[in-house]
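Trainee: Residue numbers (this note's numbering), protein chains in the order written: chain A, 1229 to 1500; chain B, 1229 to 1500; chain C, 427 to 778; chain D, 427 to 778.
Don't be surprised by glycine CBs; every beta carbon is placed ideally from N, CA and C.
The structure displayed is predicted, hence computed values, not measured ones.
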Amino acid sequence: MKPFVHRVLFAAFASLIGAFFALPMLWLVFAPFDESPSLSAAVPRPPTLSNFGDLFDNPQVLRSLGNSLLLVGGVVGLVLIVGAPAAYVLSRIRFPGRNLFLYMLLLLSSVITGAAAIVPLYLLIFGLNLIDSFSGVTLALAGGMLPASIFILKDFTDSIPRSYEESARVFGASTFQALRDVVFPVVRPGLAVIAVWTAVQVWGNFLVPFILLRTPDKSPAAVLMYSFYTEGGQPNLRLISAFSLLYTVPILVLYIFVNRRYGFRFHGGIKR
Amino acid sequence: MKPFVHRVLFAAFASLIGAFFALPMLWLVFAPFDESPSLSAAVPRPPTLSNFGDLFDNPQVLRSLGNSLLLVGGVVGLVLIVGAPAAYVLSRIRFPGRNLFLYMLLLLSSVITGAAAIVPLYLLIFGLNLIDSFSGVTLALAGGMLPASIFILKDFTDSIPRSYEESARVFGASTFQALRDVVFPVVRPGLAVIAVWTAVQVWGNFLVPFILLRTPDKSPAAVLMYSFYTEGGQPNLRLISAFSLLYTVPILVLYIFVNRRYGFRFHGGIKR
Amino acid sequence: MPGVEIASITKEFAGGVTALDALDLSIEDGEFFALLGPSGCGKTTLLRTIAGLEPATSGSLHIGERDVTGLPPGERNVAMVFQDYALYPHMTVRENIAYPLKIKKVARQQRNEEAEGAGGSLSLDALMDRRPGQLSGGQQQRVALARAIACRPDVFLFDEPLSNLDARLRLEARGFLKQLQHDLATTAVYVTHDQSEALALADRMAVMELGEIRQVGTPAALFHRPANLFVAGFIGSTPMNLITGVVGASGVAFAGGVLPVAETSAPHGADVVYGIRPEYVGLAGPGETLAGSVKVTENLGAQFLVTVELGEAQIRATVPEGEEPQIGDRVGVTPDARRALLYDAAEGTLLA
Amino acid sequence: MPGVEIASITKEFAGGVTALDALDLSIEDGEFFALLGPSGCGKTTLLRTIAGLEPATSGSLHIGERDVTGLPPGERNVAMVFQDYALYPHMTVRENIAYPLKIKKVARQQRNEEAEGAGGSLSLDALMDRRPGQLSGGQQQRVALARAIACRPDVFLFDEPLSNLDARLRLEARGFLKQLQHDLATTAVYVTHDQSEALALADRMAVMELGEIRQVGTPAALFHRPANLFVAGFIGSTPMNLITGVVGASGVAFAGGVLPVAETSAPHGADVVYGIRPEYVGLAGPGETLAGSVKVTENLGAQFLVTVELGEAQIRATVPEGEEPQIGDRVGVTPDARRALLYDAAEGTLLA
């Protein structure tokens, strides 16, 4: 390929990405500080914090963010506790049809978290008597996230040579010691990636909590956001923009924290 | 690890997966053919098709499935046409911060398709004057799916050795010839995977069409499903179960067709 | 130092693949024993069975006087050096070397001292606080050795430990490893697919094919009298000449002439494969009984490998530098009759 | 057949890495030319620059009389065989071989005939309808060669084409490749990191390090008179002995004695590195001026490599089989003074 062609393709691609993402993102940064935000992104003059003052007059705002955090914590915990051992086993044991099994899982997961299985899911949670409880939402979300998480974690575990555990075993380590001393420290960045990814997905999930929860006080932020949108027909852009920004901050903080702590280094083995 | 420990872990994992998926799936298979389906999965005696008869009395049912197909076609097409060249360029050109760029894209995509950016997204589509149009929904969904699609396709393209294109070029092939004769045939299974994955996601997406479409006649199946659920307070399990099954069939057909046609073979290069 | 006694070990994998087929092998005290074979021959499976990483389907395994057949790897008192070294990327060199001692609950101070000692004996002193990712391939290999030494095992197990080094380092590491094993006088089992490594390192060696041992002996014995065509073809840095012919009165007759034989019990008229290493074939003037034209000459450094066409067959000879002919020259070929070997053409076994 | 003329080619990568530093090189008509060096030395970059896959930052490149400096790869009339062969997995062997002709718009029937011809000359007749994934490594390599031959190029470019084959096949393919190039009489440039491959195949060769050519010459010239310590250390299947010492009246004095030198222009008292290949070091009784104890002996097949400790230095010698000493034996060492080389200790260059 001539570098010229490459450069043109790349510029086209970059502009496309820009068109899709830059405008909404700019709006998200500017509108919350605008006295009267409009539909276009414009630098507010002068910037104001009054939108946030009005927002916090609604007690549901902080409570919904707290609910979201609770759900995220529960789902991330459940996904890591169940997904990590499952991924390890899938990575280390070969059985016939393993790959088919993994792809089935992956496709199923998008069905579950999408609307397709929402009725059976509702029935399942209803049968477990967990409607209108955080446990029910946590279980449903974790069930939806697990297949893809297991798939990605298995990929991470695959990059750890078996010789790591085997050498530990030859030295006399028990299964548990080998996992704790050798496998876990190496797979930790993978767990961090999954944690962030799961958190982002749960944070943004509207459908599952909307269907499975009844009490408005239990609504997570994604559901509250939707209620702002429809309330009174005409969207209140001042509240919506301020809440949108507030809603985005925890995800950014989490991403920056995990990136700094674990660096998302994808070293599986030793590079040569 | 002792094989015994492996086996116990595996059994535990398998039962867990079973608990999450089997019950709803069984219900999905049995309830539609039950004269009076309940919340538990039971073999219907005798099986009946009357639920489907009642379902088709509603003209919206077939229309919504048609709408869903239309959206799936548009989004899959757009994702492949934009995503494949983008993935190719990202795979072949190294620029500083490329990996960071890719991870940012991936996280952004889950934000976009989740509820987080739904307001900015609404504003963007409103600004483009595409509210209540399939084009608007298609654009929004494609924008959300593209980052992850590009990421996965880039991974596929990475597995094609550069020497394939380079040897074609030494033989005198143009850029276009090298792509058409060598790269495309090898990356085709990857495109098939992305097509199925995108189709499943679009098919199940409720939030985006619900927000961006106004006319009930334009509703895709996922939105209609939701209206069945809330209509009249008490869910009509006969209609819901039949529609759920109908709703699942196209995805299964697509999966089987693509799997048979392209076999999801993940041969990047030649195995040695 | 105990040896290793393998008695009719069989290993079948799920799915019915037989990786080891009723093997018997006896490795003596303090011996450096090489297992040589192409990939898939079962050599690594055998090593892993000795380590306890693969349970044997049947048969028994003794290390010294102890029956270790059913013991887990940690109780066999062996140390294994893996092909990829299996250094833990999140531990420093010191922690890596001390890890086996930590497992054995040696106190921190003592295990650090032992790690320093083992590391020092392999000149790793300056690297003890680095992580494996910061070391070169050769340094990583020495860390893996130091970790094995720190265990003070009864038997060292080496799984192609030189295969990740580049050619130059591999030669240096080879000499170093041989000297180290000689100094420690610990029994070592060494798996490799590289015949030159096995010849150079081993006191004795076994050549494996398809889960079976095809020949056991000293490197010199295997080099000079390979028991079958498989071993003949596998050993030697230049391939042995193997020419099909018929035993006659004056030697082995083939399309290009008659190849000389010292003495043989093979009956006249028998179909045989005549084997002779290029090192034992000389070149002379074109007046010899065997003569042909030179097809290829390859520079081996201080020697040349010359391929001569004899009728439809080709024969290779190594000649000292300065004596190599030109391509197309007509030369005589003089195989050393005393070095010639005859193999049964059907069975591929050495005829005495 | 045209040669290749490289004039002050420089290649800088984005980020300021200089892969090639103003190289001059002239490859003659029909010559088999090897580029040898460790990984990262720029040899592959040079080959890719000749192919046109990497545009040169400055300098000019001629193939025969044609200036191809600015031409795209397809117009240079070269054929390249890649390390991974670059066979297209979705095409049959026939389609793979015919693909370059398809690009050149040769009619289907004619290109199939040419593919059959090229495939047949490499004994691929029975495999023409298979896909690359169904072939062994050696067969894949021959398909890649057939595809290159079918192009009828002015120059063959080989990028380590033997490195994916196992040891035994590599030796066979080496002889085959050399004969093929000789028969076709097409100029060939061959990149390798394996010195034995370069020595065996090349008419002439260049040794590269860090983007520069350190020496150009025939394999024999580079083997016998490496121009600097880098080339001395890189060439030879056993490492050259390199011993630091001081030039004196009777030879080079070092901690373990005096090493003999034939004649030298190096001034008395100069710090030098004394280089001699193990092939040119003999062993004798312990009565010699140079004597030490045997540390390691390694079986090379028909020879032994013996490492002898001389004071703090070690010297290696190759001796014929049957003459090898035991470890610990005291032996005399007799380097061949005519084969000894002296290098400037500071610069590392050969002293005439």
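Look up E431 of chain D in the DSSP assignment and give the residues it is bridged to.
Mentor: DSSP, once it has assigned bridges, lists D:S452, D:H488 as partnering E431 of chain D.
Trainee: Taking the continuous beta strand (DSSP E) assigned at V1310 of chain B, which residues delimit it?
Mentor: That residue, V1310 of chain B, is in no beta strand (DSSP E); its alpha helix (DSSP H) goes 1287-1320.
Trainee: Could you pull the start and end residues of the beta strand (DSSP E) that N522 of chain C belongs to?
Mentor: Careful: N522 of chain C lies outside any beta strand (DSSP E), inside the alpha helix (DSSP H) at 519-529.
Trainee: Please list, in chain order, all residues of the same chain as A1368 of chain B whose beta carbon is under 7 Å from its beta carbon, the five residues on each side excluded.
Mentor: Contacts found: L1349, I1353, V1436, L1440.
Trainee: Using 8 Å for Cβ pairs, my map puts C577 of chain C next to P526 of chain C. What's the rounded Cβ distance?
Mentor: With 8 Å as the limit, C577 of chain C and P526 of chain C qualify as a contact, their Cβ atoms being about 5 Å apart.
Trainee: Answer with yes or no whether the minimum CB distance from Q605 of chain C to chain D is below 8 Å.
Mentor: By this cut-off, Q605 of chain C is an interface position.
Trainee: Output, in chain order, the set of chain C residues within a Cβ distance shorter than 8 Å of R600 of chain D.
Mentor: Chain C residues near R600 of chain D: E724.
Trainee: Can you tell me where the beta strand (DSSP E) with V507 of chain D in it begins and where it stops?
Mentor: From DSSP, the beta strand (DSSP E) with V507 of chain D extends over 504-507.
Trainee: Buried or exposed: which applies to H619 of chain C, given that a residue is buried once 16 or more other Cβ atoms fall within 10 Å of its Cβ?
Mentor: It is buried - the Cβ of H619 of chain C has at least 16 other Cβ atoms within 10 Å.
Trainee: For Q566 of chain C, which residues does DSSP report across the bridge?
Mentor: DSSP output for Q566 of chain C lists no bridge partner at all.
Trainee: So, does the CB of F1494 of chain A fall closer than 8 Å to a CB anywhere in chain C?
Mentor: Residue placement at F1494 of chain A is poorly supported in this model, since its pLDDT is 40, which falls under 50; the coordinates are not used for a value here.
Trainee: Is any beta-carbon of chain A found at less than 8 Å from that of L1290 of chain B?
Mentor: False, the Cβ-Cβ gap to chain A never drops below 8 Å.
Trainee: Can you round the beta-carbon distance between E457 of chain C and G429 of chain C to whole angstroms, since I take them to be within the 8 Å contact cut?
Mentor: The pair is a contact, with the Cβ atoms about 7 Å apart (cut-off 8 Å).
Trainee: Short of 8 Å Cβ to Cβ, which residues in the stretch 1424-1441 of chain A face chain B?
Mentor: Those residues of the stretch 1424-1441 of chain A that come within reach of chain B (Cβ to Cβ, closer than 8 Å) are V1424, W1425, V1428, Q1429, W1431, G1432, N1433, F1434, L1435, I1439.
Trainee: Closer than 9 Å between beta carbons: that is the criterion. Which residues of the stretch 1394-1411 of chain B meet it against chain D?
Mentor: Taking 9 Å as the Cβ-Cβ cut-off against chain D, the residues of the stretch 1394-1411 of chain B that qualify are E1394, S1395, A1396, R1397, V1398, F1399, G1400, A1401, S1402, Q1405, D1409, V1410.
Trainee: Check whether chain C comes within 8 Å of G1497 of chain A, counting only Cβ atoms and requiring the distance to be less than that.
Mentor: Note on G1497 of chain A: pLDDT 30, under 50, position unreliable in the model; no value is reported.
Trainee: Pop quiz: T495 of chain D and A482 of chain D are said to be a contact at Cβ under 8 Å. What is the actual Cβ separation, rounded to whole angstroms?
Mentor: Yes, they are in contact, since the Cβ atoms of T495 of chain D and A482 of chain D sit about 7 Å apart, within 8 Å.
Trainee: In the DSSP assignment, find the beta strand (DSSP E) that holds E735 of chain C and state where it starts and stops.
Mentor: Looking at the DSSP string, the run of the beta strand (DSSP E) that includes E735 of chain C is 729-736.
Trainee: Alpha carbon to alpha carbon, what distance is there between V1451 of chain A and L1308 of chain B?
Mentor: Rounded to whole angstroms, L1308 of chain B to V1451 of chain A spans 32 Å at the Cα level.
Trainee: Which first and last residues belong to the alpha helix (DSSP H) in which A1420 of chain B is found?
Mentor: A1420 of chain B -> alpha helix (DSSP H) spans 1412-1432.
Trainee: Could you tell me which of A:G1301, A:N1286, A:P1275 sits nearest to A1423 of chain A, measuring between CA atoms?
Mentor: The shortest Cα separation from A1423 of chain A among A:G1301, A:N1286, A:P1275 belongs to A:G1301.
Trainee: Residues in its own chain within less than 6 Å of M666 of chain D by CB, not counting five upstream and five downstream?
Mentor: The answer, listed in chain order, is A658, G701, R703.
Trainee: Residues of chain B with CB closer than 8 Å to the CB of V615 of chain D, please, in chain order.
Mentor: Under the 8 Å cutoff, chain B gives no residues; its nearest Cβ is about 13 Å from V615 of chain D.
Trainee: From D747 of chain D to A628 of chain C, what does the alpha carbon distance come to, in whole angstroms?
Mentor: Looking at the sequence provided, one finds Glu at residue 747 of chain D rather than Asp. C-alpha separation (whole angstroms): 16 Å.
Trainee: Compare the C-beta of L1351 of chain B with all C-beta atoms of chain A and state if any pair is closer than 8 Å.
Mentor: Yes, contact with chain A.
Trainee: If we cut at 8 Å on Cβ distances, does K530 of chain D have a partner in chain B?
Mentor: It does; some Cβ of chain B falls within 8 Å.
Trainee: Taking only beta-carbon positions, decide if H488 of chain C is within less than 8 Å of chain D.
Mentor: Chain D, which has no Cβ nearer than 8 Å to the Cβ of H488 of chain C, makes this no.
Trainee: Report the residues of the stretch 498-513 of chain D with a CB closer than 7 Å to any CB of chain C, ordered along the chain.
Mentor: Here the close residues number zero.
Trainee: Looking at E705 of chain D and R600 of chain C, is the spacing between their C-beta atoms short of 8 Å?
Mentor: No, these two residues do not count as a Cβ contact at 8 Å.
Trainee: Looking at the secondary structure, which residues open and close the alpha helix (DSSP H) in which E623 of chain D lies?
Mentor: Looking at the DSSP string, the run of the alpha helix (DSSP H) that includes E623 of chain D is 621-627.
Trainee: Assuming contact is defined by CB atoms lying nearer than 8 Å, are D585 of chain D and F508 of chain D in contact in what I supplied?
Mentor: Yes, they are a contact pair.
Trainee: Just the C-alpha distance for F1384 of chain A and A681 of chain D, rounded to the nearest angstrom, thanks.
Mentor: So the alpha carbons of these two residues sit roughly 54 Å apart.
Trainee: At a cut of 8 Å, does the stretch 674-693 of chain C reach the stretch 445-452 of chain D through at least three beta carbon pairs?
Mentor: As far as the Cβ criterion goes, the stretch 674-693 of chain C does not touch the stretch 445-452 of chain D, which means the pair count is below three.
Trainee: Tell me, which residues are paired with E635 of chain D by DSSP?
Mentor: E635 of chain D is bridged to D:E638.
Trainee: May I ask you to list the residues that DSSP assigns as paired with Y616 of chain C?
Mentor: Answer is C:A460, C:F584, bridged to Y616 of chain C.
Trainee: Which same chain residues end up closer than 8 Å to A772 of chain C when comparing Cβ atoms and leaving out the 5 residues on each side of it in sequence?
Mentor: Around A772 of chain C: D697.
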